[in-house]
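Written below as structure tokens is the structure these notes are about.
Numbering (our numbering), first residue to last: 12 to 163.
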């Protein structure tokens, strides 16, 4: 589901990821997670997320040229915002809603919120391919323009 959307938007050379040797190549994309474990019922506890934040922080140090962050799910958004708050950023009014975008500050990447492509969302129809494609088209547009205004 996710890789299909990445492929349709031109961020991946193939629509499916099978294994590390399948030839999939991502362009201008880095995929990470705020929680590195597989928690019970697929719901990480706040402590699990906090324990993994150090890895996310290290990755963002390496991603100095990132211009867009797509938070997949509220947990992804909350984890990213918590990381930024630990780094001294302060913002209000950021609420999760699929398709919402924020410019948190001039030096941070634009934030796009999207439903997580889990089976709970894709098999129930809460998230479909068209909705995910819109997210990646929006990201592509932000990468090719210099507009930095918030759009909610």
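Backbone N, C-alpha and C define an ideal beta-carbon position, used for all residues, glycine too.
Given the structure is predicted, the values throughout are model-derived calculations rather than measurements.
For residue i, report the span of its beta strand (DSSP E) as first-last.
i, result
"residue 123", "121-125"
Alpha carbon to alpha carbon, what distance is there between residue j and residue i?
i, j, result
"residue 154", "residue 123", "12 Å"
"residue 162", "residue 25", "For residue 162, the predicted structure reports a pLDDT of 44, less than 50, and the residue's modelled location is therefore unreliable. The matter cannot be settled from this model."
"residue 111", "residue 149", "10 Å"
Only counting the same chain, and skipping five residues up and downstream in sequence, which positions put a Cβ closer than 6 Å to that of residue i?
i, result
"residue 107", "85, 88, 124"
"residue 63", "46, 47"
"residue 151", "20"
Give me, in chain order, the residues of the same chain whose beta-carbon lies closer than 7 Å to that of residue i; leave out the 5 immediate sequence neighbours on both sides.
i, result
"residue 22", "37, 38, 39, 40, 147"
"residue 109", "124, 125, 126, 142"
"residue 137", "126"
Which residues bound the alpha helix (DSSP H) around residue i?
i, result
"residue 65", "57-73"
"residue 17", "13-19"
"residue 82", "Segment 79-83 is the beta strand (DSSP E) holding residue 82; no alpha helix (DSSP H) there."
"residue 44", "Premise fails: residue 44 is in no alpha helix (DSSP H) and is neither H nor E."
"residue 52", "Neither: residue 52 is in no alpha helix (DSSP H) and is coded neither H nor E."
"residue 154", "140-155"
"residue 132", "130-133"
Cβ of residue i within 8 Å of Cβ of residue j?
i, j, result
"residue 90", "residue 45", "yes"
"residue 140", "residue 56", "no"
"residue 120", "residue 65", "no"
"residue 115", "residue 95", "yes"
"residue 51", "residue 59", "no"
Ordered along the chain, which non-local residues of its own chain (more than five positions away) have a Cβ less than 8 Å from that of residue i?
i, result
"residue 14", "23, 25, 26, 27, 28, 35"
"residue 156", "none"
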